[in-house]
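Undergrad: First, the structure itself, so that you have it in front of you.
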Amino acid sequence: MTSSRKFLVGGNWKMNGSRQLVETLVKALNEGSWSNNVECVIAPPSPYLHQVRSTLRSEVGVSAQNIWTEAKGAYTGEISHEMLTDLSIKWVILGHSERRAIFKESDELVGKKVANAVKAGLNVIACCGETEAERDAGNTTEVVFRQIKAIASQLSAADWSKVVIAYEPVWAIGTGKVATPQQAQDAHKEIRGWLAANVSKEVADSTRILYGGSVSAKSSPDLQKEQDIDGFLVGGASLKDQEFLQILNSRL
Numbered sequence: 051m052t053s054s055r056k057f058l059v060g061g062n063w064k065m066n067g068s069r070q071l072v073e074t075l076v077k078a079l080n081e082g083s084w085s086n087n088v089e090c091v092i093a094p095p096s097p098y099l100h101q102v103r104s105t106l107r108s109e110v111g112v113s114a115q116n117i118w119t120e121a122k123g124a125y126t127g128e129i130s131h132e133m134l135t136d137l138s139i140k141w142v143i144l145g146h147s148e149r150r151a152i153f154k155e156s157d158e159l160v161g162k163k164v165a166n167a168v169k170a171g172l173n174v175i176a177c178c179g180e181t182e183a184e185r186d187a188g189n190t191t192e193v194v195f196r197q198i199k200a201i202a203s204q205l206s207a208a209d210w211s212k213v214v215i216a217y218e219p220v221w222a223i224g225t226g227k228v229a230t231p232q233q234a235q236d237a238h239k240e241i242r243g244w245l246a247a248n249v250s251k252e253v254a255d256s257t258r259i260l261y262g263g264s265v266s267a268k269s270s271p272d273l274q275k276e277q278d279i280d281g282f283l284v285g286g287a288s289l290k291d292q293e294f295l296q297i298l299n300s301r302l
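Per the working numbering, the sequence shown starts with residue 51, numbered consecutively.
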């Protein structure tokens with residue numbers, strides 16, 4: 051059965067980039083082409099958000115990689131939703147495993163951040179995923195459901211129209227390991243089932259669930275065939291202009 055959910059490919063540049071790299075990647079996206087059935091969103095580091103948004107064609111979305119929970123104030127080093135709105139940035143990635151592991155963001159804090167971003171009118175790519183030890187222990191769904199519950203508890207059913215879930219098994223991020231299409235599909239199906247049981251069938255049917263974890267031009271054609279995979283959150287390959295375009299074109 052063909053899904054009505056529009057395929058989304060996000061590019062998370064993480065803490066990489068320079069003005070020259072921005073020019074190269076933006077030029078490739080401005081000159082590149084892909085299906086109208088594919089939405090593209092890229093997430094450069096915050097110092098380059100203005101450069102990207104002011105030079106990139108308008109139909110490509112631009113995302114921040116993180117925001118704080120407040121609009122302004124004495125929070126040295128943080129950025130707010132008001133700043134993003136001022137720069138015409140309409141997306142933000144929240145709850146990435148690197149934020150959880152390195153910066154010790156709790157499930158509760160991620161949920162609060164997502165609710166704040168949605169209330170401010172931003173679209174959110176909310177991340178979840180298990181470590182290799184958690185998968186080996188058979189705890190994948192327990193971990194992922196806990197992470198999503200912390201987000202869902204802060205949202206109304208209507209808020210979900212602004213949320214995209216990114217399932218990113220931690221063991222596959224930046225490692226070169228990729229979940230098999232069946233492993234990814236199984237996790238996505240479980241997530242959609244949780245949404246149906248705990249939020250609503252309508253939200254489950256309409257919410258896009260992306261796969262992330264060393265996605266490449268080689269792995270994307272097979273992954274995109276799975277019924278519950280609605281796109282990708284791409285890491286390292288999003289810094290390679292031609293490979294990222296290939297990933298965008300893996301969905302016909």
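Positions of the beta carbon are idealized from the N, C-alpha and C atoms, including for glycine. None of these values were measured; they are calculated from a predicted model.
Write down the C-beta distance between Arg242 and Asp278 rounded to the nearest angstrom, noting that I regard them as a contact closer than 8 angstroms.
TA: 6 angstroms
Undergrad: Does the Cβ of Ser138 have 16 or more other Cβ atoms within 10 Å, making it buried, or fewer, making it exposed?
TA: exposed
Undergrad: Once you ignore the five residues that flank Lys94 on each side, which residues in its own chain have a CB closer than 7 angstroms to its CB?
TA: It is Pro, not Lys, that sits at residue 94 in the sequence shown. Here the set comprises Trp63, Gly67, Val72, Val102.
Undergrad: Thinking C-beta only, is Cys90 closer than 9 angstroms to Gly61?
TA: Closer than 9 angstroms, so yes.
Undergrad: Use the C-beta contact count for Phe57: other C-beta atoms within 10 angstroms, 16 or more gives buried, fewer gives exposed.
TA: buried
Undergrad: Specify, as a first and last residue, the run of the alpha helix (DSSP H) that Ser256 falls within.
TA: 251 to 256
Undergrad: Three-state secondary structure (DSSP) at Ser270?
TA: helix
Undergrad: In angstroms with no decimal places, state the Cα-to-Cα distance between Val80 and His238.
TA: The amino acid at residue 80 is misidentified as Val; the sequence shows Asn. Their Cα atoms are separated by approximately 31 angstroms.
Undergrad: Can you list, in chain order, the residues of its chain whose CB lies under 8 angstroms from that of Ser269, leaving out five sequence neighbours each side?
TA: In the same chain as Ser269, and ignoring 5 residues on each side of it, the C-beta atoms closer than 8 angstroms to its own belong to Val228, in chain order.
Undergrad: Helix, strand or coil, according to DSSP, for Lys140 in the structure here?
TA: coil
Undergrad: Under three-state DSSP, which class holds Met51?
TA: The pLDDT assigned to Met51 is 43, lower than 50, so where the model puts this residue is not dependable; a value taken from the coordinates is nonetheless given after this. Reduced to three states, the DSSP call for Met51 is coil.
Undergrad: Between which two residues does the alpha helix (DSSP H) carrying Leu159 extend?
TA: Unbroken alpha helix (DSSP H) run through Leu159: 157 to 169.
Undergrad: Entirely within the stretch 53 to 136 and at least 3 residues each: give me those beta strand (DSSP E) ranges in chain order.
TA: 57 to 62, 88 to 93, 111 to 114
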